[in-house]
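Take the position in the sequence shown, starting the count at 1, then add 463; the result is the number in our numbering.
Ideal placement from N, C-alpha and C gives every residue a C-beta, glycine not left out.
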Amino acid sequence: MIFYQTWAPKLEMLSQTVREEAVEKGGMYLPLEHMGDKLPQAVISAEDRTFYSNPGIDPKAMVRALFINLWNRAFVQGASTLTQQLMRDVFLSQDKDLWRKAEEILLALWVTRLYSKDEILEMYLNRVYFGHGAWGAPQAARIYFGKEVNQLSWGQAALLAGLLPAPSAYDPFCNLEAARVRQRYVLNRLRDDGVLSAEEAEMAAQSPLYLLPGMCQGKR
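Structure follows, in structure tokens:
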């Protein structure tokens, strides 16, 4: 009962909260239909392949991650869906304790009943951090490529999607090689998901990025 009373008002205001935060962080809130297909699909293939069919969590991925982490006796693999990531980024801390994880799971299940999948994806893409002060896809497309989101190539979209787990580690301004390796990983998943053919994925991997000049985050 206390959990419900605490979180119900916050979840009902989630869309407004994300919209306000996007503006506060110097960006803008962009509807999903104005983002094109490339970046949303690249993010889904890279981060949450079962997004449109799962209930907000991915039980199989959670079990797999549990066994891997137990085997390594350390937290080496996560299993958070896009919905879980959204809940964590907006409401929770980055701590890896069990109570925080339980809250994340419960909130993800709950918010999936309140919002459509497209609404959740739209909020996620407007809130997630891409590095270099880029909160949300609209800012990321401009900061890295000087483009609108719907103008990105597959190669550019895959690079941005690849940044999400660790924007500093895959920072193309600091370590282009690591960013390209991660980009290739995302393109391979797009190929495996049937979004791109093998030829299209290879062409995207080989295509120029046309990155804007940027400063290495590690030197800031």
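So who's on the other strand from residue i, going by DSSP bridges?
i           : result
residue 598 : 592
What's the C-alpha gap between residue i and residue j?
i           : j           : result
residue 666 : residue 647 : 11 Å
residue 497 : residue 491 : 12 Å
residue 622 : residue 629 : 12 Å
residue 479 : residue 593 : 21 Å
residue 574 : residue 657 : 29 Å
residue 672 : residue 619 : 6 Å
residue 644 : residue 512 : 20 Å
residue 582 : residue 510 : 17 Å
residue 474 : residue 553 : 10 Å
residue 472 : residue 660 : 45 Å
residue 520 : residue 679 : 35 Å
residue 670 : residue 548 : 30 Å
residue 677 : residue 602 : 14 Å
residue 596 : residue 523 : 34 Å
residue 617 : residue 633 : 17 Å
residue 662 : residue 500 : 19 Å
residue 476 : residue 483 : 11 Å
residue 668 : residue 635 : 14 Å
residue 577 : residue 610 : 33 Å
residue 624 : residue 557 : 20 Å
residue 517 : residue 504 : 16 Å
residue 407 : residue 565 : Residue 407 lies beyond the range of the chain shown here (464 to 683); nothing can be said about it.
residue 637 : residue 600 : 20 Å
residue 543 : residue 631 : 20 Å
residue 470 : residue 555 : 12 Å
Determine the contact status of residue i and residue j, defining contact as a CB-CB distance below 8 Å.
i           : j           : result
residue 580 : residue 515 : yes
residue 493 : residue 591 : no
residue 488 : residue 598 : yes
residue 642 : residue 654 : no
residue 486 : residue 588 : no
residue 586 : residue 481 : yes
residue 605 : residue 508 : no
Please report the Cβ distance between residue i and residue j, rounded to the nearest whole angstrom; I am assuming they are in contact, meaning their Cβ atoms lie under 8 Å.
i           : j           : result
residue 650 : residue 608 : At roughly 17 Å, the Cβ-Cβ gap does not stay under 8 Å, so residue 650 and residue 608 are not in contact.
residue 615 : residue 545 : Going by Cβ atoms, the distance from residue 615 to residue 545 rounds to 19 Å, so no, they are not a contact pair.
residue 584 : residue 495 : 6 Å
Sorry if obvious, but does the Cβ on residue i come closer than 7 Å to a heavy atom of the ligand MN?
i           : result
residue 476 : Looking at this structure, you won't find the ligand MN or any other ligand, since it has none at all.
- Message: Within 8 Å, do at least three Cβ pairs link the segment 563-576 to the segment 465-477?
- Response: yes
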